[in-house]
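First the structure, in the form of structure tokens, and then the observations on it.
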Amino acid sequence: MHFLILFFTFFISFILPLKSLFASVEIEHQTDSSLSYSDRRSHVTTLWSLSQNQYLPSSFKSQIDGNSYSNLFGNDSIPLNEFSFFFRKQLRPFDLGLGLSYASGELSDRRVGDLVTLSLALRSLAFGVWLSDLYDEPYVVPFALIYISDSSLTEKDSLLNQSFNVTGSIWSKIGLHIQLSPLEPDVAKKAIHSIGLQNSFIDFYLLQGVTAPSQPNILTSLSWGMGLTLEF
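119 is the number of the first residue of the sequence shown in our numbering; add one for each residue after it.
What follows is the structure, encoded as structure tokens:
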């Protein structure tokens, strides 16, 4: 949570004043919404995403009683709600991006008799590749992301509550952005001029753990997620 507070404080105190400072320049050089995306897009764009990952750390073992994840929770995944922000550089025919991500969620179950809760938070530096120029308009954009995470884990039952930090775990996503702008083309064109919104996407992807340097093992097995991404 401190991570998000610091990020939004930086955005409000630094980015927004810069935007207002250069507002006159933006007004004089409005984007021509009649151009195709490949022609009108700037060389650097930002992506803002909200998503939910069905995170499945199937190799996790309880630090309280040694029970496996499957004994504690079966095949249920932890619903991790994620917010991410990327700076993305156009390098045709692909884009490269660098960003920050914060995701958190928890899962509870009584299948071992006692109520067991597993809470997880991931603070990540992320690197991405996008194929945004397959078409004049980005109807479908394949992407791949790598996350390097500092993770906080809390496991508790009716008697004990234990917390751990895991630094340097790596996990990945591969998926598709599906463009939403064609559903409301007039609204999309107005959004380009009014707030600089170049595109909106619904996202579908797979996620998979790559490596973790220490126990407890919280890397996700192959799982899935979906979300919404806005490009400015």
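In this text, a Cβ means the ideal position worked out from N, Cα and C, and glycines have one as well. Small disclaimer: the values here were computed from a predicted structure and weren't measured.
Taking all protein chains shown into account, decide if Arg210 is buried (16 or more other Cβ within 10 angstroms of its Cβ) or exposed. Position 92 of the sequence shown, counted from the first residue, corresponds to residue 210. By the Cβ neighbour-count rule, Arg210 is exposed, with fewer than 16 other Cβ atoms within 10 Å of its own.
Under three-state DSSP, which class holds Pro300? For the purposes of this step, residue 300 is taken as residue 182 along the sequence shown, with counting starting at 1. Helix.
Through-space distance from Ser202 to Thr329, alpha-carbon basis: Within the sequence shown, the letter at position 211 stands for residue 329. Within the sequence shown, the letter at position 84 stands for residue 202. Rounded to the nearest angstrom, the two C-alpha atoms are 21 Å apart.
Option in Ile266, Leu315, Leu298, Glu224 with minimal Cα separation from Asp321: On the sequence shown, position 203 is the one that residue 321 refers to. When each option's Cα is compared against that of Asp321, the closest is Leu298.
Reducing DSSP to helix, strand and coil, say where Asn171 ends up. Position 53 of the sequence shown, counting from 1, holds the residue named residue 171. Asn171 falls in the strand class under three-state DSSP.
Count the other CB atoms within 10 Å of the CB of Lys291; is the residue buried (16 or more) or exposed (fewer)? Numbered from 1 along the sequence shown, position 173 holds the residue referred to as residue 291. Buried, by the Cβ-count rule.
Nearest-angstrom Cα distance between Ser281 and Glu224? In the sequence shown, counting from the first residue as 1, residue 281 sits at position 163. In the sequence shown, counting from the first residue as 1, residue 224 sits at position 106. When rounded, the distance between both Cα atoms is 13 Å.
Other residues of its chain near Ile264: CB distance less than 6 Å, five sequence neighbours each side excluded: Against the sequence shown, residue 264 aligns to sequence position 146. Excluding positions up to five away in sequence, the list reads Phe245, Ser290.
Take every Cβ of the stretch 255-273, pair it with every Cβ of the stretch 231-246, and state whether three or more of those distances are shorter than 8 Å. yes
For Leu165 versus Glu349, is the C-beta spacing smaller than 7 Å? For the purposes of this step, residue 165 is taken as residue 47 along the sequence shown, with counting starting at 1. For the purposes of this step, residue 349 is taken as residue 231 along the sequence shown, with counting starting at 1. Glu349 sits close to Leu165, with the two beta carbons spaced by under 7 Å.
What separation, rounded to the nearest whole angstrom, lies between the Cα atoms of Lys308 and Leu315? For the purposes of this step, residue 308 is identified with residue 190 of the sequence shown, where counting begins at 1. For the purposes of this step, residue 315 is identified with residue 197 of the sequence shown, where counting begins at 1. Spanning the alpha carbons of Lys308 and Leu315 requires a straight line of approximately 9 Å.
Classify Leu190 as helix, strand or coil using the three-state DSSP reduction. If you number the sequence shown from 1, residue 190 lands on position 72. Here Leu190 sits in helix by DSSP.
Buried/exposed call for His295, threshold 16 Cβ in 10 Å: Counting from 1 along the sequence shown, the entry for residue 295 is found at position 177. Counting Cβ neighbours within 10 Å, His295 comes out buried, since at least 16 surround it.
Which of helix, strand or coil DSSP assigns to Ser312: What you label residue 312 is simply residue 194 of the sequence shown in a count that begins at 1. Note: Ser312 maps to helix in three-state DSSP.
Quick one: Cα of Val234 to Cα of Asn335, how far? Residue 234 sits at position 116 when you count from the first residue of the sequence shown. Residue 335 sits at position 217 when you count from the first residue of the sequence shown. Straight-line Cα distance between these residues: approximately 17 Å.
Quick check on Asn199: buried or exposed, where buried means 16 or more other Cβ atoms within 10 Å of its Cβ? Position 81 of the sequence shown, counted from the first residue, corresponds to residue 199. Per the 10 Å Cβ criterion, exposed.
With which residues is Ala295 paired in a DSSP beta bridge? The residue you call residue 295 lines up with position 177 of the sequence shown. The identity of residue 295 in the sequence shown is His, whereas the question assumes Ala. Paired residues: Val259, Asp321.
For Ser251 and Phe212, what's the separation of their Cα atoms in angstroms? The residue given as residue 251 occupies position 133 in the sequence shown. The residue given as residue 212 occupies position 94 in the sequence shown. Here residue 251 turns out to be Asp, not Ser, going by the sequence shown. Near 7 Å, if we compare the C-alpha coordinates of Phe212 and Asp251.
To the nearest whole angstrom, what separates the beta carbons of Ile196 and Asp275, a pair I think is in contact under 8 Å? Counted from its first residue, the sequence shown places residue 196 at position 78. Counted from its first residue, the sequence shown places residue 275 at position 157. Rounded, the Cβ-Cβ distance is 17 Å, inconsistent with contact.
Gln339 and Ser188 closer than 7 Å at C-beta: The count along the sequence shown starts at 1 and reaches residue 339 at position 221. The count along the sequence shown starts at 1 and reaches residue 188 at position 70. Going by the sequence as given, residue 339 is Ser instead of Gln. No, these two residues do not count as a Cβ contact at 7 Å.
Which ranges does the beta strand (DSSP E) cover as unbroken runs of at least 3 residues, wholly within the stretch 197-227, from first to last along the chain? 212-227
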